[in-house]
Amino acid sequence: MSTTTDPQGGTFRLSMLLNDSRYRSLTLQAIAAIMLAASIAYMISNLLANLAAQDLNISFEFLGSPAGYDINQTLIDYSSQSSNLRAAFVGIINTLLVAVLACITATILGVFAGVLRLSNNWLVRKLMSFYVEIFRNIPVLIWIIIIFTIVTAVLPGARAYLGEDPERNMLAGMFAFTNRGVYVPAPFFTTGFGGEEGSGLNWLLVIGVLIASFFATRFVTAGADKKQAETGIRPNTLYLNLAIWIVPVAIVLFILGLSWDLPDPLANRFNLRGGLQIGAPLIALWLALSVYTGAFIAENVRAGIQAVSRGQTEAASALGLRPNRTMSLVILPQALRVIIPPLISQYLNITKNSSLAIAVGYADITATLGGITLNQTGRAIECVLLLMLFYLTISLLISAFMNVYNNSMKLKER
Amino acid sequence: MNKSVLFGALTVAGLAAGAAAAATLDDVKARGTLNCGVTTGLVGFAAPDANGEWKGFDVAVCRAVAAAVLGDATAVEFVPTTGKTRFTALASGEIDMLARNTTWTFSRDVDLKFDFVGVNYYDGQGFMVPKALGVSSAKDLDGATVCIQTGTTTELNLADFFRANNISYEPVPIETNAEGTQQYLAGACDTYTTDASGLAATRATFENPGDHMLLPEIVSKEPLGPLVRHGDSEWGDIVRWTLNALIAAEELGVTSTNVGEMATSTNNPEVARLLGTEGTLGEMIGLDADWAKRAIETQGNYGEIFAQNIGEETPIGLARGLNAQWTDGGLLYSPPFR
């Protein structure tokens, strides 16, 4: 009855590579792999031959030469005399900044929208469906441009805030909303490392204290858990934890002499000076990436919640848990196992979509290295190779990091 | 079938990097059209008119070359390019020549491997500001927000100018002239900077051109001219001498209306050589005897092209200035046709 027969005597003939079902798939795979390798080799050799024909070569020396152009958002020291490599770093930091900001806000937005989409309230449920369907079905580039256009068209020009008797007054004397961006007070340290000029060390110190507070609160919570397991009574840790978060950082900030640099409407006739400027391109890109990706994350969250069986909710209410406790203690921890893997790809999407920054003149890596540097030096192949390397590295890092998190969250089988 | 599609796609992808064909002239003749790279739309220099037909100062150079080579000034395929895409388009062979107010610089000529064949407009970088701003000099622009087309020499000149004068600015990079206009009019930048001719052309399209002014400083030299790929000197010669023919025609008094008559009745030997009634210049350059005559007949001489597209009679209203003939105190100077 069997359709295959055992080989007779084990003799191998060449024709068996095609005729014998045991070898056929291997043969075809080998042929496909050889063809793929050959076509890639052909393209590379063609590229090199064409470059040679045009008298061009591959060289990365341009990275060390002065960039010659200015950038409007630089988080590290940069001037037009800095090297192209430095300009690329400015771009990398700007890319990472917008990616991190958008990942955070998209996650918050997505979790809220996803949970509320399952709400019993008809209006809330429908509003959230409306949000998800509108935002994820329009390309993100369009959202970036829409938000940027709204910011530049609706908000007043910077000059409305300038002068002794301005048309508009700054909100609380500290915040100005212009079509070039939002100006907010900038914190700085008067007595920290580096004196008035300031130094990155001050911020590292503050961040270090916050991290220490984080672990301290973890320790306190673990102690409370242990006590609850032993006695059944959970000590109230809220005030202690709040104090651990606030007191040390407040002391450090006081010692360092935290002060605020307010936007000054009198220093310049064109723009507000001082303060921290959050540029319109950053706002547009950040908001657009957040709301767009937030809609996808909302769907992931909804799917994750619905994947937790109804019996869990019922069991939780039978134990007397209130609905929001049920959600945070029973449903979401189990839903996370389903949510995290697609969440990784949404984070990757945010990072890659941030390259659309060019549409609104945000100086990300694609705009600096892949845009202006590429143009001014004409080193297209080198710049694009570096860009590919950068995005690949970042994406793999995010992936690796999220996989570690996923492994810690997934169902532990014993 | 699928395989051939795949290999076709691979080949195209592989070739896209360049196969810069050496014999551009043969390619153009075989194709029957000239692929000419122009701007995405700058009124006066290159922009489609109400009928979708490309018109402008740079467009006329393309058409003159097409008339000289193919005998048909309309046999041009205009390829709109941005400041960023133009060089790749030319290097890859997508276009045969680039006439897109492109500044002739050392590194573009030498490092990017292009040949600038001449200058068709001597320009310089200027600044446009709203009159309401009350600025009278570019040196007053300390702290201003500046809209700038990215991927251009102006980007570097701007950085140099502000650094040399020790004043600060905030750049707003933009991709096309249309986007720059929109940002400038919305007040997202205080001033818009690019070639002074381009600013004049842009201002002419505003609703109230009178509310805006060009600052007196010209902060750079911007010799704009057509360019071709390195390594095909025959083709470079054709474009170079077509441009020279337009310039020489003005100097010699040959216009689109009298070119026919001049060809037969002139007693100026240079005009006769230019128009192909004497000598064998056409043969030397690989074309027929009437090549320059056709270019002038269809497009007019340099002065006519200037007056028609960007001259003082047009909304753009540019004076000849540096772009007058050398005999009138300008810089235009065609080598002799001999």
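As they're listed, the protein sequences go chains Z and D. The opening residue of the first sequence carries number 238 in this note's numbering; numbering runs sequentially from there. The opening residue of the second sequence carries number 8 in this note's numbering; numbering runs sequentially from there. Virtual Cβ for every residue (Gly too), placed ideally from N, Cα, C.
Annotation: the stretch 170 to 243 of chain D contains the following complete segments of the alpha helix (DSSP H) (minimum length 4 residues), in chain order: 184 to 193, 203 to 211. With its beta carbon less than 8 Å from one in chain D, alanine 604 of chain Z belongs to the interface. With a threshold of 8 Å between beta carbons, aspartate 314 of chain Z makes no contact with chain D. Around alanine 617 of chain Z, the beta-carbon contacts reaching into chain D at under 7 Å are Thr95.
Counting C-beta pairs closer than 8 Å gives fewer than three between the stretch 549 to 564 of chain Z and the stretch 588 to 597 of chain Z, which falls short of the contact rule.
Contiguous alpha helix (DSSP H) elements confined to the stretch 583 to 631 of chain Z occur at 611 to 614, taking only those with 4 or more residues.
Under the DSSP assignment, alanine 145 of chain D falls outside any beta strand (DSSP E); it carries neither an H nor an E label. The shortest C-alpha to C-alpha distance from phenylalanine 326 of chain Z to any of Z:Phe627, Z:Thr344, Z:Val621 is the one to Z:Phe627.
Under the three-state reduction of DSSP, leucine 399 of chain Z is assigned to coil, being neither helix nor strand. Distance from the CA of leucine 392 of chain Z to the CA of serine 527 of chain Z, rounded to the nearest whole angstrom, comes to 21 Å. For glutamate 162 of chain D, the residues of chain Z that pass the 7 Å Cβ criterion are Tyr306, Ile609, in the order they occur in the chain. Taking a beta-carbon distance threshold of 8 Å, glutamate 177 of chain D counts as an interface residue toward chain Z. What proline 180 of chain D touches in chain Z, judged by beta-carbon distance under 8 Å, is Asn309, Gly598, Ala600, Ala604, Gly608, Ile609, going in chain order. Less than 8 Å divides the Cβ of alanine 350 of chain Z from the Cβ of glycine 531 of chain Z. Alanine 207 of chain D sits close to leucine 221 of chain D, with the two beta carbons spaced by under 8 Å. Chain-order list of chain Z residues neighbouring leucine 192 of chain D: empty, with the shortest C-beta distance near 10 Å, by a criterion of under 8 Å.
By the criterion of a C-beta distance shorter than 6 Å, glutamine 318 of chain Z is surrounded in its chain by Pro303, once the five residues flanking it on both sides are discounted. The alpha-carbon separation between leucine 288 of chain D and glycine 328 of chain D amounts to approximately 32 Å.
For the stretch 282 to 297 of chain Z, residues whose beta-carbon sits nearer than 8 Å to a beta-carbon of chain D comprise Asn283, Leu284, Asn287, Leu288, Ala290, Gln291, Asp292, Leu293. DSSP links phenylalanine 425 of chain Z through a beta bridge to Z:Ser496. Interface criterion not met: the Cβ of lysine 146 of chain D is under 8 Å from no Cβ in chain Z. Within the stretch 391 to 408 of chain Z, the residues whose Cβ lies closer than 8 Å to any Cβ of chain D are, in chain order, Gly394, Ala395, Arg396. The continuous stretches of beta strand (DSSP E) do not include leucine 265 of chain Z, which lies in the alpha helix (DSSP H) extending over residues 258 to 290.
The C-alpha of alanine 269 of chain Z lies about 41 Å from the C-alpha of phenylalanine 121 of chain D. At a cut-off of 8 Å between beta carbons, lysine 120 of chain D contacts chain Z. The stretch 501 to 509 of chain Z and the stretch 334 to 345 of chain Z do not touch, with fewer than 3 CB-CB distances between them shorter than 8 Å. In the three-state reduction of the DSSP assignment, tyrosine 368 of chain Z falls in the helix class, which pools H, G and I.
Assigned with DSSP and collapsed to three states, arginine 455 of chain Z falls in helix. At least one CB atom of chain D sits nearer than 8 Å to the CB of asparagine 505 of chain Z. The C-beta of arginine 510 of chain Z comes closer than 8 Å to at least one C-beta of chain D.
Here valine 45 of chain D carries a strand assignment [DSSP, helix/strand/coil]. Nearest to valine 597 of chain Z by C-alpha distance, out of Z:Val421, Z:Leu522, Z:Asn640, Z:Lys363, is Z:Leu522. Residues of the stretch 82 to 112 of chain D whose Cβ lies closer than 8 Å to any Cβ of chain Z, in chain order: Gly90, Lys91, Phe94, Thr95, Ala98. Along the stretch 406 to 431 of chain Z, going in chain order, the ones with a CB nearer than 8 Å to a CB of chain D are Asn416, Arg417. In the DSSP assignment, threonine 311 of chain Z forms no beta bridge with any residue. Check the Cα spacing between isoleucine 345 of chain Z and each of Z:Ala617, Z:Tyr529, Z:Ile618: the tightest is with Z:Tyr529.
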